[in-house]
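What follows is a single structure, written as structure tokens, with notes after it.
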Amino acid sequence: MFFRQIVDDKLAQHAYLVGCQRTRQALIVDPERDVDRYIAIARREGLRITAAAETHIHADFLSGCRELVERYGCRAYLSAEGGPDWQYEWAAGHDSVTRLRDGDDFTVGGIGFQVLHTPGHTPEHISFLITDRGSGADGPMGMVSGDFVFVGDLGRPDLLESAAGHAGEMEPSARRLYGSALGVFELPDYLRIWPGHGAGSACGKALGAIPDTTAGYEKRFSPALAAVRRGEDAFVSYILEGQPEPPQYFGRMKEENRRGPALLGSLPRPRRLSGRDLLAAAGNRNTQVVDTRGDRVGYYAGHIRGSLYAPLNKSFPTIAGCYLDPASAIVLICRMEELDGAVRDLVRIGIDRVTGWAPPEELAAYRAAGGEFASIEVIDFDEVERRRGDPAMQVLDVRRAAEFAEGRLEGACNIAHTRLASRLEELPRDKRLLVHCLSGARASAAASYLEGQGFEVSAVNDLFSYVGGNHA
């Protein structure tokens, strides 16, 4: 058996390529939308991807299952659990889709896959027990657990309500997750668990950074499973407490994956832009410029007015997903060697209209062509303290609510940077916003977005370690 975990570091997402080395057939579990990279890996290993499977309808990225079925002739194995509201609309009546229920079994070459219905994170969620029957094994070696079991955590059950807007689902989902989690204690200790995400994902609150685990280890050391032992009500309280605010785009991903993501085909090929091209793009109300420079102080000092600051680090997909309109044309300020990665990051969250790019050096040509540069005032927490009592100022803390509850500046309002776009009406337009987070990173994206929305902003580029007497 061939087995490989394929990691998207920015979304902390794991896909799994499982292949039979005798028949050379392979299956990919939970593929992202740019499936060419999975096909390339399989080819290098002498395998051919003939099937794709999903653990659930994802909220953090667009699935590649439909792409593999429609464009590459693969068979898809998808959940039929969860009731009529949680079915894959694009797969209805499709001859190349097998609908799975708890206890079902299928094979790819000599590899067996047994289905476990593991609801809680979502109603339709399934996990796959994998057995290498081709080598003579009659029991599973591991489980691809999707967003059910993570290293040290379980998949958050609140997203249907907090991200997708289905009121009243949070507690029932947590109770379903409790029932699924009881099943973990029935798994053999030796069983490997291959999770759908690692540390940094917003699909849980305390995911471990190691790539996989075992059922035995989780039974002994997982705080979430320890909460299961304390009973259902205690578990529900534990699992719902302290979950981070989900990124704004999660609801859109969930709906697009249920309907069926648009077929991607090839990746977008943005055109290299000149300074004059940038000038035209900046003046087009249907175009959004994304400045990916790693130097936020440089961005603050001078940038195309209205451009979004989104450096190409692990936060890039989250910032882009929360602040960009998928219907807009996107122009990237980035280095040529980073372009392919940036385009892939965007199409994985359904931002496909990447029409142009220019290297940071082209900003000088933009200015020479008459382009307007803007700047954002940079301050530290000492300056925040000096201004905080000014009625023309409002402190905006863009950390998570749980962070805000642990310590905050008196008079500050709190909106997590991942939810800012949906809560603009809560912010005063007649005051200057003093935007801060823990280190300045989240605040930089938030401040750039708010400037583009017409607010007067100052960005706090400082560590939140101020210990004056004004914390509430």
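Quick note: the sequence shown uses the working numbering, first residue 1029, plus one each step. Virtual Cβ for every residue (Gly too), placed ideally from N, Cα, C. Because the structure is a prediction, the values reported are computed rather than measured.
Original post:
What are the partner residues of Q1276, as DSSP defines its beta bridges?
Top reply: Mapped onto the sequence shown, residue 1276 falls at position 248. Answer is none; Q1276 lacks a bridge partner.
Subject >> Rounded separation between Q1481 and Q1276 - CA only >> reply: The residue labelled residue 1481 in the question sits at position 453 within the sequence shown. The residue labelled residue 1276 in the question sits at position 248 within the sequence shown. For Q1481 and Q1276, the distance between alpha carbons rounds to 17 Å.
**OP:** Can you say whether P1289 is buried or exposed, counting buried as having 16 or more other CB atoms within 10 angstroms of its CB?
**Re:** As a first step, residue 1289 is located in the sequence shown; it is residue number 261 there, counting from the start. Result: buried.
**OP:** For the beta strand (DSSP E) holding A1108, just list the boundary residues, first then last.
**Re:** Here residue 1108 refers to the residue found at position 80 of the sequence shown. Note, A1108: premise wrong, no beta strand (DSSP E); not H, not E.
**OP:** Give every residue of the same chain whose Cβ lies closer than 7 Å to the Cβ of L1235, excluding the five residues on either side of it in the sequence, and list them in chain order.
**Re:** Your numbering for residue 1235 matches position 207 in the sequence shown. Excluding positions up to five away in sequence, the list reads F1178, V1179, G1180, D1181, H1225, G1226, A1227, S1229.
Subject >> Between the CA atoms of E1109 and P1151 - distance to the nearest angstrom >> reply: Walking along the sequence shown from the start, residue 1151 turns up at place 123. Walking along the sequence shown from the start, residue 1109 turns up at place 81. In a straight line, the C-alpha of P1151 is about 7 Å away from that of E1109.
**OP:** Buried or exposed for R1324, please, with buried defined as at least 16 other CB atoms from any protein chain shown within 10 angstroms of its CB.
**Re:** Within the sequence shown, residue 1324 is the residue found at index 296, counting from 1. Label assigned to R1324: buried.
Original post:
So, are the CB atoms of R1460 and E1479 less than 8 Å apart?
Top reply: In the sequence shown, counting from the first residue as 1, residue 1460 sits at position 432. In the sequence shown, counting from the first residue as 1, residue 1479 sits at position 451. It is not a contact, given that the beta carbons lie outside the stated cut-off.
Subject >> For F1030 and D1064, the rounded distance between their alpha carbons >> reply: Translated into positions along the sequence shown, residue 1064 becomes position 36. Translated into positions along the sequence shown, residue 1030 becomes position 2. Each residue's alpha carbon lies about 19 Å from the other.
Original post:
Using 8 Å as the Cβ pair cut-off and three pairs as the minimum, do the stretch 1331-1347 and the stretch 1469-1476 touch?
Top reply: yes
**OP:** Locate the alpha helix (DSSP H) running through R1071, then write down its first and last residues.
**Re:** For the purposes of this step, residue 1071 is identified with residue 43 of the sequence shown, where counting begins at 1. Counting along the chain, the alpha helix (DSSP H) containing R1071 begins and ends at 1064-1072.
Subject >> Between the CA atoms of R1287 and D1001 - distance to the nearest angstrom >> reply: Because the chain is modelled from 1029 through 1500, residue 1001 falls outside the range shown and cannot be assessed.
Subject >> Rounded separation between G1259 and G1207 - CA only >> reply: For this step, residue 1259 is matched to residue 231 along the sequence shown. For this step, residue 1207 is matched to residue 179 along the sequence shown. Each residue's Cα considered, the two are about 11 Å apart.
Original post:
What whole-angstrom Cβ distance do P1274 and L1187 have, given they're in contact under 8 Å?
Top reply: Residue numbering aside, residue 1274 sits at position 246 when the sequence shown is read from its first letter. Residue numbering aside, residue 1187 sits at position 159 when the sequence shown is read from its first letter. Indeed they touch by this definition, with Cβ atoms about 6 Å apart.
Subject >> Option in S1486, A1329, D1319 with minimal Cα separation from P1387 >> reply: The sequence position of residue 1387 within the sequence shown is 359, counting from 1. Checked all of S1486, A1329, D1319; the closest Cα to P1387 is D1319.
**OP:** Taking P1223 as part of the beta strand (DSSP E), name the residues at either end of that continuous run.
**Re:** Against the sequence shown, residue 1223 aligns to sequence position 195. 1220-1223 is the extent of the beta strand (DSSP E) around P1223.
**OP:** Taking D1261 as part of the alpha helix (DSSP H), name the residues at either end of that continuous run.
**Re:** Numbered from its first residue, the sequence shown carries residue 1261 at position 233. From DSSP, the alpha helix (DSSP H) with D1261 extends over 1260-1268.
**OP:** Return helix, strand or coil for G1384, following the three-state DSSP convention.
**Re:** Counted from its first residue, the sequence shown places residue 1384 at position 356. Note: G1384 maps to strand in three-state DSSP.
Original post:
On the three-state DSSP scale, how would you describe L1039?
Top reply: Position 11 of the sequence shown holds residue 1039. In this structure, L1039 counts as coil in the three-state DSSP scheme.
**OP:** Would you decide whether A1487 is buried or exposed? Buried here means 16 or more other CB atoms lie within 10 Å of its CB.
**Re:** Counting from one through the sequence shown, the residue named residue 1487 turns up at place 459. Buried, by the Cβ-count rule.
Original post:
Based on the DSSP output, what are the partners of V1423 in its beta bridges?
Top reply: Residue numbering aside, residue 1423 sits at position 395 when the sequence shown is read from its first letter. According to DSSP, which records beta bridges pairwise, V1423 is partnered with L1462.
**OP:** Using the Cα positions of F1492 and L1466, report the straight-line distance between them to the nearest angstrom.
**Re:** Within the sequence shown, residue 1492 is the residue found at index 464, counting from 1. Within the sequence shown, residue 1466 is the residue found at index 438, counting from 1. About 5 Å.
Original post:
Under the three-state reduction of DSSP, which class applies to G1211: helix, strand or coil?
Top reply: In the sequence shown, residue 1211 corresponds to position 183, counting from 1. In this structure, G1211 counts as helix in the three-state DSSP scheme.
**OP:** Return yes when at least one heavy atom of the ligand PLP lies under 7 Å from the C-beta of G1183, else no.
**Re:** In the structure shown, the ligand PLP is absent, as is every other ligand, since no ligand is present at all.
**OP:** Leaving aside the five residues before and after P1116 along the sequence, list all residues of the same chain whose C-beta is less than 6 Å from its C-beta, in chain order.
**Re:** Start at 1 with the first residue of the sequence shown, and residue 1116 comes out as number 88. Rather than Pro, the amino acid found at residue 1116 in this sequence is Tyr. For Y1116, where only same-chain residues beyond five positions count, the Cβ hits under 6 Å are L1106.
Original post:
Per DSSP, N1442 forms a beta bridge with which residues?
Top reply: Taking the first residue of the sequence shown as 1, we reach residue 1442 at position 414. According to DSSP, N1442 bridges with D1425.
Original post:
Can you tell me whether DSSP reads L1374 as helix, strand or coil?
Top reply: Position 346 of the sequence shown, counted from the first residue, corresponds to residue 1374. If DSSP states are grouped into helix, strand and coil, L1374 belongs with the helices.
**OP:** Note down, in chain order, each residue of its chain lying with its Cβ closer than 7 Å to the Cβ of V1382, except the 5 sequence neighbours on either side.
**Re:** As a first step, residue 1382 must be located in the sequence shown, where it is residue number 354. Closer than 7 Å at the Cβ level, and outside the excluded window around V1382, lie P1296, P1298, I1358, L1360, V1371, L1374.
Subject >> Pair within 8 Å by beta-carbon distance, V1256 and A1202 >> reply: If you number the sequence shown from 1, residue 1256 lands on position 228. If you number the sequence shown from 1, residue 1202 lands on position 174. Contact flag unset, no.
**OP:** Whole angstroms is fine: what's the gap from T1446's alpha carbon to G1232's?
**Re:** The residue given as residue 1446 occupies position 418 in the sequence shown. The residue given as residue 1232 occupies position 204 in the sequence shown. For T1446 and G1232, the distance between alpha carbons rounds to 15 Å.
Original post:
Hey, out of L1291, G1162, F1409, P1223, whose CA is closest to Q1049's CA?
Top reply: Position 21 of the sequence shown, counted from the first residue, corresponds to residue 1049. Considering only alpha carbons, the answer is G1162.
**OP:** Could you check which residue in E1431, F1176, E1453, E1389 has the C-alpha nearest to that of G1270?
**Re:** Translated into positions along the sequence shown, residue 1270 becomes position 242. Checking every option, the nearest Cα to that of G1270 belongs to E1431.
**OP:** Quick one: residues in its chain with C-beta nearer than 8 Å to the C-beta of M1171, no 5 flanking neighbours on either side, listed in chain order?
**Re:** Indexing the sequence shown from 1 puts residue 1171 at position 143. Here the set comprises L1144, S1155, F1156, L1157, I1158, V1177, L1215, L1219, R1220, I1221, W1222, A1243.
**OP:** Measure the C-alpha to C-alpha separation of V1495 and E1413 and round it to an integer number of angstroms.
**Re:** Working through the sequence shown from its first residue, we reach residue 1495 at position 467. Working through the sequence shown from its first residue, we reach residue 1413 at position 385. Caution is warranted here: a pLDDT of 43 is assigned to V1495, below 50, making its placement in the model unreliable, and the coordinate value is therefore given only provisionally. C-alpha separation (whole angstroms): 11 Å.
Original post:
Using CA coordinates, which residue listed in R1457, D1160, R1204, A1087 is at the minimum distance from A1192?
Top reply: What you label residue 1192 is simply residue 164 of the sequence shown in a count that begins at 1. Ranking R1457, D1160, R1204, A1087 by Cα distance to A1192 puts A1087 first.
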